[in-house]
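Protein chains in written order, with our numbering: chain A, 13 to 158; chain B, 173 to 479. Glycine is no exception: its CB is placed at the ideal position from the N, C-alpha and C atoms. Source: prediction; values computed, not measured. Worksheet: the structure to be examined is printed underneath.
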């Protein structure tokens with residue numbers, strides 16, 4: 013009988029994003045704009061997890077300064093970020109809510125200037141950390157998570 | 173360089189200075205008649221306005237300056253698809269200060285970010301209208317003698333009425349302010365203002381539907397128009413537009429020193445028979461609008477006038 017396992021090799025420098033809610037890895041791939049990077053990315057979907065049952069994992073092999081991971085605090089602060097150097101985990105990055113989110117989410121208010129002005133950054137400001145509330149910098153409309 | 177985007181851009185102390193300056197202008201107009209000689213105000217109005225545009229222009233002309241601008245998007249290069257950022261970069265080459273109204277929320281902030289001259293937000297969609305708030309504050313302070321210890325009734329469209337939102341945010345900074353929010357259920361004050369501004373600042377308020385119930389307790393009654401342009405649905409607008417009509421009979425219920433303010437234009441919500449009541453101060457308010465804009469132009473241009 014063939015054992016149903018999938019192995020992805022170690023990375024020498026980069027990040028391992030662990031404990032991603034199962035099925036959400038492609039969202040994170042999109043938010044981090046990993047498609048734009050010329051580096052090796054492995055997406056593991058529905059990996060077995062003692063804690064979560066199923067989880068997704070993303071491995072990114074790249075120089076550490078190449079990716080700004082602060083946005084993950086907005087997406088899901090339960091994600092574990094392992095920072096890899098010389099094939100070993102050198103530290104884990106704690107996630108906090110970013111104070112500002114630029115060009116990751118879009119303002120949905122049809123009355124907002126971002127709906128018509130060309131080349132305008134979509135910027136959201138953290139206005140209430142307790143309620144994890146972000147508002148558009150321009151029209152102050154609250155961002156509604158799905 | 174400083175812009176005016178929101179009424180909260182000024183601290184309470186700065187606001188006091190601005191209102192003092194406006195009162196001095198009211199008393200001594202001749203002293204300020206040439207304060208802005210050689211300066212130009214650009215009025216960039218992408219949507220129709222009578223009093224806001226004219227009061228900015230009157231303010232600059234009273235200060236001895238001159239004005240240029242456009243009064244609709246169709247007569248500007250926005251009709252050709254020019255961005256706000258590019259328009260303001262260009263206008264910065266022609267004028268010393270600009271007042272801008274635009275239907276999109278946050279548009280004036282984009283302008284300010286790309287401008288090399290001070291920008292006055294003359295209304296950005298349903299978002300902010302700070303010079304109206306400055307006008308309201310000057311009217312109240314001049315006629316009541318104070319901005320604290322007041323019970324203010326806000327009546328009409330409290331949902332889309334940006335003047336109401338801005339006035340609340342400005343007044344909660346003063347002591348002993350109470351609000352009575354008078355609106356139909358559909359046009360209630362948005363919850364983020366009730367929670368984030370009123371509750372967070374421990375400001376007492378009550379919500380009522382009938383105006384008659386509130387009138388006897390008020391120092392100020394701030395009436396608003398139900399704005400057709402804020403509705404996506406004509407049917408809802410027609411249902412709401414004549415919900416409140418202030419008339420002589422209702423004025424009988426009010427205190428003898430209650431003031432009636434209205435940002436204008438008025439449609440049906442205040443009967444013309446109320447106009448002769450000395451408590452109806454909405455046309456005086458329009459005059460204060462010019463004084464406060466004169467004070468604002470001087471402040472943003474950093475021009476001081478010696479005695």
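- The residues 423, 426, 428, 429, 430, 431 and 432, in chain order, have a CB closer than 8 Å to that of residue 451 of chain B in the same chain once the five nearest residues on each side in sequence are set aside.
- Within the segment 59-72 of chain A, no residue has its Cβ closer than 7 Å to any Cβ of chain B.
- A Cβ-Cβ distance of about 7 Å is found for the pair residue 438 of chain B and residue 454 of chain B, placing them in contact under the 8 Å criterion.
- Close CB contacts of residue 462 of chain B within its chain, under the 8 Å cut and outside five residues either way in sequence, are with 227, 230, 231 and 234 (chain order).
- The C-beta of residue 298 of chain B comes closer than 8 Å to at least one C-beta of chain A.
- Residue 132 of chain A has a beta carbon lying within less than 8 Å of a beta carbon in chain B.
- Around the beta carbon of residue 308 of chain B, 16 or more other beta carbons sit within 10 angstroms, so the residue counts as buried.
- Taking a C-beta distance under 8 Å as the contact criterion, residue 333 of chain B and residue 416 of chain B do not qualify as a contact pair.
- Separation of residue 156 of chain A and residue 123 of chain A (C-alpha to C-alpha, rounded to the nearest whole angstrom) is 16 Å.
- Not one beta carbon of chain A lies nearer than 8 Å to the beta carbon of residue 380 of chain B.
- For the C-beta of residue 121 of chain A, the chain B residues within less than 8 Å are, from N- to C-terminus, 277.
- In the structure shown, the three-state DSSP call for residue 366 of chain B is helix.
- Membership of residue 260 of chain B in the alpha helix (DSSP H) is indicated by the continuous run 256-263.
- The three-state secondary structure of residue 107 of chain A, taken from DSSP, is coil.
- Residue environment: residue 342 of chain B is assigned as buried (16 or more neighbouring CB atoms within 10 Å of its CB, all protein chains considered).
- Under DSSP, residue 33 of chain A shares a beta bridge with A:67.
- In the three-state reduction of the DSSP assignment, residue 334 of chain B falls in the helix class, which pools H, G and I.
- Using a Cβ-Cβ cut-off of 8 Å, residue 127 of chain A counts as an interface residue toward chain B, since at least one Cβ of chain B sits closer than that to its own.
- Beyond the five residues adjoining it in sequence on each side, residue 435 of chain B comes within less than 6 Å, by CB distance, of 304 and 335 in the same chain, given in chain order.
- Taking 8 Å as the upper bound on Cβ-Cβ separation, chain B lies near no residue of the segment 91-105 of chain A.
- DSSP, read as helix, strand or coil, puts residue 314 of chain B in helix.
- Under the three-state reduction of DSSP output, residue 373 of chain B falls in the coil class, being neither helix nor strand.
- Taking 8 Å as the upper bound for CB-CB distance, residue 473 of chain B and residue 265 of chain B are not in contact here, some 17 Å apart.
- A direct Cα-Cα distance of roughly 41 Å separates residue 52 of chain A from residue 254 of chain B.
- Taking a C-beta distance under 8 Å as the contact criterion, residue 29 of chain A and residue 91 of chain A qualify as a contact pair.
- Taking C-beta separations shorter than 7 Å and ignoring five residues to either side along the sequence, the partners of residue 339 of chain B in its chain run 305, 308 and 394, following chain order.
- In summary, the residues of the segment 248-282 of chain B whose CB is separated from some CB of chain A by less than 8 Å are 255, 256, 257, 274, 275, 276, 277, 278, 279, 281 and 282, in the order they occur in the chain.
- Distance from the CA atom of residue 470 of chain B to the CA atom of residue 87 of chain A, rounded to whole angstroms, is 46 Å.
- With the rule of 3 Cβ pairs closer than 8 Å, the segment 203-221 of chain B does not count as touching the segment 175-190 of chain B.
- Per DSSP, the continuous alpha helix (DSSP H) segment holding residue 423 of chain B begins and ends at 420-423.
- Remark: C-beta atoms of residue 467 of chain B and residue 193 of chain B approach each other more closely than 8 Å.
- Looking from the CA of residue 60 of chain A, the closest CA among A:34, A:134 and A:24 belongs to A:34.
- In chain order, 336, 353, 355, 359, 360 and 361 place their CB closer than 7 Å to the CB of residue 330 of chain B, counting only its own chain and leaving out the 5 sequence neighbours on each side.
- Within the DSSP bridge table, the entry for residue 322 of chain B names B:349 as partners.
- Excluding the 5 residues flanking it on each side, residue 443 of chain B has same chain C-beta neighbours closer than 8 Å at 417, 418, 419 and 420, in chain order.
- Residues are counted here when their Cβ sits less than 7 Å from a Cβ of chain A; for the segment 198-223 of chain B the count is zero.
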